[in-house]
Amino acid sequence: MRILITHFRAAAARFAISRSVIVPMLIGPIIGAMLAAASVAAQDATNVVTIDNFTFTPPELTVAVGTTVKWVNHDDIPHLVVNKDKAFRSKALVNKDKAFRSKALDTDDSFSYTFASAGTFDYFCALHPHMVGKVIVK
Ligand SMILES: [Cu+2]
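The working numbering puts the first residue of the sequence shown at 1, with every later residue one more than the last.
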């Protein structure tokens, strides 16, 4: 009987060790995936400008220096995102830190630009110049 109890305790101890290893192994990746999803969602919510029905939304976005802003075209016709500084100044005068121009964005295409310096960046769609927006970098 004593042998049986000892054997049982040994088995129970083994189970306790294996459970203490397996549970974190299972939970670790789940928590990691949840954190990754949360950080992606937070970035998307704050730094995305959507293009819908010939309109940039939000029309004015304020971000910190170093922020990447992503424009996504949800219309079924192409749009371009062009900084006014880039469009209207001669090449010699364009401040490269403050100039951006996307390619033509088809449906669900996106364009990202990282704002490395502070300032107000007016932009418009080169195909439909009445479409305007603004990014304020502080
Ligand atoms: Cu357009």
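Positions of the beta carbon are idealized from the N, C-alpha and C atoms, including for glycine. From a predicted model like this one, the values you see are computed outputs, not experimental measurements.
Exercise. Could you give the uninterrupted runs of the beta strand (DSSP E) lying entirely in the region 43-87, keeping only those of 3 residues or more?
Worked result: With a minimum length of 3 residues, the continuous beta strand (DSSP E) runs that stay inside the region 43-87 are 48-52, 55-57, 60-63, 68-73.
Exercise. Taking 7 Å as the cut-off, is the CB of L61 close to at least one heavy atom of ligand 1?
Worked result: L61: no, Cβ never under 7 Å from ligand 1.
Exercise. Alpha carbon to alpha carbon, how far is G119 from V72?
Worked result: Computed Cα separation, rounded: 22 Å.
For this session: Output the boundary residues of the beta strand (DSSP E) element that contains S110.
Result: Secondary structure note for S110: its beta strand (DSSP E) is the uninterrupted segment 110-114.
Exercise. Cα separation between H130 and Y123?
Worked result: Between the C-alpha atoms of H130 and Y123 there is a straight-line separation of about 10 Å.
Exercise. Given a threshold of 16 other Cβ atoms within 10 Å of its Cβ, counted over all protein chains shown, does N53 qualify as buried or as exposed?
Worked result: N53 counts as exposed, since fewer than 16 other beta carbons sit within 10 angstroms of its beta carbon.
Problem set entry | Bridge-paired residues (DSSP) for D122 | Looking at the DSSP assignment, D122 forms a beta bridge with K134.
Problem set entry | Closer than 6 Å: residues whose CB approaches a heavy atom of ligand 1 | The answer, residue by residue, is H79, C125, L127, H128, M131.
Problem set entry | Best match in V137, S112, R101, K84 for proximity to V48 [C-alpha to C-alpha] | The shortest C-alpha separation from V48 is found at S112.
Exercise. G133: which of T50, E60, I51 sits nearest, CA to CA?
Worked result: Per the Cα distances, E60.
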